[in-house]
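Participant: Numbering-wise, this note's numbering comes out as the position in the sequence shown, counting from 1, plus 299.
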Amino acid sequence: MAKFEYAPAPESRAIVDIHSSYGLFIGGEFVESAGGGSFKTINPATEEVLADISEATTEDVDRAVKAARTAYRGVWGRMSGADRGKYLFRIARIMQERAREFAVLETIDNGKPIKESRDVDIPLAAAHFFYHAGWADKLEHAGLTGGGGAPRPLGVVGQVIPWNFPMLMLAWKIAPALACGNTVVLKPAETTPLTALLFAEVCQQADLPPGVVNIITGAGATGQALTEHPDVDKLAFTGSTEVGKAIARTIAGTRKKATLELGGKAANIVFDDAPIDQAVEGIVNGIFFNQGHVCCAGSRLLVQESVHDEVISKLKRRLGTVRVGDPLDKNTDLGAINSAAQLDQIRELSAVGEAEGAERWSPPCDLPGKGFWFPPTVFTNVAQTHRIAQEEVFGPVLSVLTFRTPQEAVAKANNTPYGLSAGVWTDKGSRILWMADQLRAGVVWANTFNKFDPTSPFGGFKESGYGREGGLHGLEGYVTSGGDR
Ligand code: TAP
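(1) Tell me residue 352's beta-bridge partners as DSSP assigns them.
(2) Are residue 765 and residue 633 close, meaning C-beta to C-beta below 7 Å?
(3) Under 7 Å, do residue 595 and residue 566 count as touching if we go by C-beta distance?
(4) Can you tell me whether residue 450 is helix, strand or coil according to DSSP?
(5) Starting from residue 388, trace the alpha helix (DSSP H) both ways and give me its first and last residue.
(6) According to DSSP, which residues form a beta bridge with residue 567?
(7) If you run the structure through DSSP and keep just helix, strand and coil, what is residue 531?
(8) Could you pull the DSSP bridge partners for residue 659 from this structure?
(9) Is it buried or exposed, residue 750, if we count other Cβ atoms within 10 angstroms and call 16 or more buried?
(10) What is the residue span of the beta strand (DSSP E) that residue 423 lies within?
(11) Please list, in chain order, all residues of the same chain as residue 538 whose beta carbon is under 6 Å from its beta carbon, the five residues on each side excluded.
(12) Helix, strand or coil for residue 629? Go by DSSP, reduced to three states.
(13) From residue 647 to residue 336, what does the alpha carbon distance come to, in whole angstroms?
(14) Just the C-alpha distance for residue 698 and residue 600, rounded to the nearest angstrom, thanks.
(15) If contacts are defined as beta-carbon pairs under 8 Å, then residue 384 and residue 435 qualify, I think. What distance do you get, rounded to the angstrom?
(16) State the start and end residues of the unbroken beta strand (DSSP E) segment that holds residue 621.
(17) Which of the three DSSP states is assigned to residue 328 in this structure?
(18) Secondary structure at residue 778, three-state DSSP: helix, strand or coil?
(19) Between the Cα of residue 473 and those of 506, 427 and 503, spot the shortest distance and give me the residue it belongs to.
(20) Can you tell me the Cα-Cα spacing of residue 724 and residue 756, whole angstroms?
(21) Confirm the yes/no value for this check: CB of residue 462, any heavy atom of the ligand TAP, distance under 6 Å.
(22) By how many angstroms is the C-alpha of residue 408 removed from the C-alpha of residue 604?
(23) So, with DSSP's three-state summary, where would you put residue 513?
(24) Where does residue 507 sit, in a helix, a strand or coil, going by DSSP?
(25) Buried or exposed for residue 687, going by 16 or more other Cβ atoms inside 10 Å?
(26) Please state whether DSSP places residue 486 in a helix, a strand or coil.
(27) Out of 586, 479 and 455, point me to the one whose CA is closest to residue 678's CA.
(28) What did DSSP end up calling residue 692 once you bin it into helix, strand or coil?
(29) To the nearest angstrom, how far is the alpha carbon of residue 319 from that of residue 348?
(30) Report the rounded CA-to-CA distance for residue 777 versus residue 654, giving the unit in angstroms.
(31) Which same chain residues end up closer than 6 Å to residue 511 when comparing Cβ atoms and leaving out the 5 residues on each side of it in sequence?
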């Protein structure tokens, strides 16, 4: 099929002002790291060095936790919910006003297409602040403690987030914590610190009391120091199951609470009565949105055997139209892989898929010479035992399996250590309800995929973690009925 060529439509990056170096945001100010160490953040689409980022040491983590404790005791923990709400509304409005700046910066630092950062990440992040601003003065009427008294904040919360949705994950963490009266120390991922540091400027602009939000940059060791700090009351972590397990071991036996949002290997299940063209769009969105760097990505496609050939042929035709390239181009569908390390992991697992006997296919596409790139890839003839059917690739790689009956679809879908999300495509409402009841997944999408909303709780079963983020359930993780710290 002839491919319609688009003229380049690059978004200007003139709106962002990237400093040559950044300090740590502690106590309302940007400060130098105690150790003086730093690392570089790069644009994964070009490998251009963007800025020098301070590396927080254990001493810096301690400074940040102390600043958060002081702000909690002195101001934020005592402030009325209505007043906290005003700050959150202010932050949300500033984020909206500066939305384009945030979107461009996110795309430059992360590699995701501008149309995703502009239309999904940043609007949703602002929506999280608006939603939680509304809750701040209504917590005692929300039934959060199950009749166990008025909800009270936990105190100081340590938050560690990954690189796939830097600003959105920040909002998922900070908005509910602040709404409930906690103060926070947040560590963004090493490869994507820039929007979190811009958010620190927003906190200053909103006149948020110093120390309510602290942002410490660094790598895994900084995150570990935060999880081990004795004066942190709760840890909220999003990232890999491996690190999540290490955190659970670290805090076992301490008074710290935790929510862990970990990996996934979601089944996207297409029945023979599904609207096939619509399902194909859902399959593409399910696995190729954000280069497949999505914990709830529909990375295992389960297709009913009778429509397998039709679905795969339509899917391949559709993938021929996917535009891979400059993330700042408004026409780009698939951007850059976030880092060289992630690209290595995707290449390695894809090679294993081929070696184990699955059939690999990608549409013809020219990848840029510089930066980290991987074409949209589909594996057919995948068996349940293949590593690409079991392990999270966390890239634009789809594994296709088949089934004959609904029972077989459920058995295959649930045959994974994970349980974060699933998708069901069928014409029958009763089948959707039956499937949703059977699937061991925190979210089940019906005839759609990757839909997010601040009012809707999100979280996992089994090795995908515990606790929920978003909605009323998400607030539960930030309050207690007892103790006055
Ligand atoms: P991780 O390697 O687990 O990193 C997540 C965060 O933890 C990063 O900030 C990382 O710092 C930090 N970290 C690394 N080692 C640590 C340690 N020992 N103690 C404390 N913190 C530590 O994951 P990733 O590669 O960034 O993200 C991909 C994973 O996140 C995938 O498995 C994906 O499924 C999962 N994820 C889950 C969700 C939800 S909601 N369930 C959402 C998004 C992503 P550095 O980056 O600086 O090393």
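Cβ coordinates follow ideal geometry from the N, Cα and C atoms, glycine included.
Facilitator: With the structure as the only source:
(1) Taking the first residue of the sequence shown as position 1, residue 352 is located at position 53. 321 and 338, per the DSSP bridge assignment.
(2) In the sequence shown, residue 765 corresponds to position 466, counting from 1. In the sequence shown, residue 633 corresponds to position 334, counting from 1. Result no, Cβ atoms of residue 765 and residue 633 do not sit closer than 7 Å.
(3) As a working note, residue 595 is residue 296 in the sequence shown. As a working note, residue 566 is residue 267 in the sequence shown. In this structure, the beta-carbon distance from residue 595 to residue 566 does not fall below 7 Å.
(4) Here residue 450 is taken as the residue at index 151 of the sequence shown, counted from 1. Coil.
(5) Here the question's residue 388 lines up with position 89 in the sequence shown. Counting along the chain, the alpha helix (DSSP H) containing residue 388 begins and ends at 380-396.
(6) Numbered from 1 along the sequence shown, position 268 holds the residue referred to as residue 567. Per DSSP, 600 and 722.
(7) For the purposes of this step, residue 531 is taken as residue 232 along the sequence shown, with counting starting at 1. In the structure shown, residue 531 sits in coil (DSSP, three-state: anything other than H, G, I, E or B).
(8) One-based indexing of the sequence shown puts residue 659 at position 360. Paired residue(s): 678.
(9) The residue given as residue 750 occupies position 451 in the sequence shown. Exposed, by the Cβ-count rule.
(10) Position 124 of the sequence shown holds residue 423. From DSSP, residue 423 is part of no beta strand (DSSP E) but of the alpha helix (DSSP H) over 421-434.
(11) For the purposes of this step, residue 538 is taken as residue 239 along the sequence shown, with counting starting at 1. Cβ within range, chain order: 461.
(12) The residue you call residue 629 lines up with position 330 of the sequence shown. In this structure, residue 629 counts as coil in the three-state DSSP scheme.
(13) Looking up residue 647 in the sequence shown gives position 348. Looking up residue 336 in the sequence shown gives position 37. When rounded, the distance between both Cα atoms is 32 Å.
(14) What you label residue 698 is simply residue 399 of the sequence shown in a count that begins at 1. What you label residue 600 is simply residue 301 of the sequence shown in a count that begins at 1. Cα to Cα, residue 698 sits roughly 6 Å from residue 600.
(15) The sequence position of residue 384 within the sequence shown is 85, counting from 1. The sequence position of residue 435 within the sequence shown is 136, counting from 1. Indeed, because the Cβ distance is near 4 Å, the residues count as touching under 8 Å.
(16) Taking the first residue of the sequence shown as position 1, residue 621 is located at position 322. No beta strand (DSSP E) contains residue 621, which DSSP labels as neither H nor E.
(17) For the purposes of this step, residue 328 is taken as residue 29 along the sequence shown, with counting starting at 1. Residue 328: strand per DSSP, three-state reduction.
(18) Stepping through the sequence shown from its first residue, residue 778 is reached at position 479. When DSSP states are grouped into helix, strand and coil, residue 778 belongs to the strand group.
(19) Residue mapping note: residue 473 aligns to position 174 of the sequence shown, counting from 1. Taking the Cα of residue 473 as reference, the smallest distance to any Cα among 506, 427 and 503 is reached at 427.
(20) On the sequence shown, position 425 is the one that residue 724 refers to. On the sequence shown, position 457 is the one that residue 756 refers to. Whole-angstrom Cα-Cα distance: 22 Å.
(21) Counting from 1 along the sequence shown, the entry for residue 462 is found at position 163. Residue 462 Cβ: within cutoff of the ligand TAP.
(22) One-based indexing of the sequence shown puts residue 604 at position 305. One-based indexing of the sequence shown puts residue 408 at position 109. Cα-Cα distance, rounded: 42 Å.
(23) Residue mapping note: residue 513 aligns to position 214 of the sequence shown, counting from 1. Under the three-state reduction of DSSP, residue 513 is assigned to strand.
(24) Walking along the sequence shown from the start, residue 507 turns up at place 208. Three-state result, residue 507: coil.
(25) The residue labelled residue 687 in the question sits at position 388 within the sequence shown. Buried, since its Cβ has 16 or more Cβ neighbours within 10 Å.
(26) On the sequence shown, position 187 is the one that residue 486 refers to. Residue state, collapsed to three classes: strand.
(27) Within the sequence shown, residue 678 is the residue found at index 379, counting from 1. Distances from the CA of residue 678 to each of 586, 479 and 455 were compared; the closest alpha carbon is that of 586.
(28) For this step, residue 692 is matched to residue 393 along the sequence shown. Under the three-state reduction of DSSP, residue 692 is assigned to coil, being neither helix nor strand.
(29) As a first step, residue 319 must be located in the sequence shown, where it is residue number 20. As a first step, residue 348 must be located in the sequence shown, where it is residue number 49. When rounded, the distance between both Cα atoms is 9 Å.
(30) For the purposes of this step, residue 777 is taken as residue 478 along the sequence shown, with counting starting at 1. For the purposes of this step, residue 654 is taken as residue 355 along the sequence shown, with counting starting at 1. Distance between the alpha carbons of residue 777 and residue 654 is about 46 Å.
(31) On the sequence shown, residue 511 is found 212 positions in, with the first residue counted as 1. Same-chain partners within the cutoff: 370, 375 and 482.
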